[in-house]
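Taking it in order: structure first as structure tokens, then the write-up.
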Amino acid sequence: MNAVEIRKMSTVERLQMMEVIWDSLLYDKTGIDSPEWHGTILEERKKKSKQVKRILSRYAS
Numbered sequence: 033m034n035a036v037e038i039r040k041m042s043t044v045e046r047l048q049m050m051e052v053i054w055d056s057l058l059y060d061k062t063g064i065d066s067p068e069w070h071g072t073i074l075e076e077r078k079k080k081s082k083q084v085k086r087i088l089s090r091y092a093s
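Once you know that position 34 of the sequence shown is 66 in this note's numbering, the rest is easy, because the numbers rise by one and skip nothing.
Following this line, the structure appears as structure tokens:
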């Protein structure tokens, strides 16, 4: 299937196709590794979350 064929599909058909693709990826056991920058962003968010929790805990007392 190519882009031209996909564009001919109705919106509902394309959404159904996307669901099938997402489901197939969900159970795919090939184990594609996340890029390194994902880990960096997650660490930054953890730090920010801890900072926010500390600030909020001051007001909860």
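The beta-carbon is built from N, C-alpha and C at its ideal position, and this holds for glycine as well.
Going by DSSP in three states, residue i sits in which element: helix, strand or coil?
| i | result |
| --- | --- |
| Met49 | helix |
| Thr62 | coil |
Could you tell me the boundaries of the alpha helix (DSSP H) in which residue i lies?
| i | result |
| --- | --- |
| Thr72 | Glu68 to Ala92 |
| Lys40 | Ala35 to Lys40 |
Ignore the nearest five residues each way along the sequence and tell me which others in residue i's own chain have a CB closer than 8 Å to its CB.
| i | result |
| --- | --- |
| Met41 | Met49 |
When the Cα atoms are used, what is the spatial distance from residue i to residue j?
| i | j | result |
| --- | --- | --- |
| Ser56 | Ala35 | 20 Å |
| Arg90 | Gln83 | 11 Å |
| Arg32 | Asp65 | The displayed coordinates of the chain run from 33 to 93. Any statement about residue 32 would go beyond what the structure contains. |
| Ser81 | Glu51 | 32 Å |
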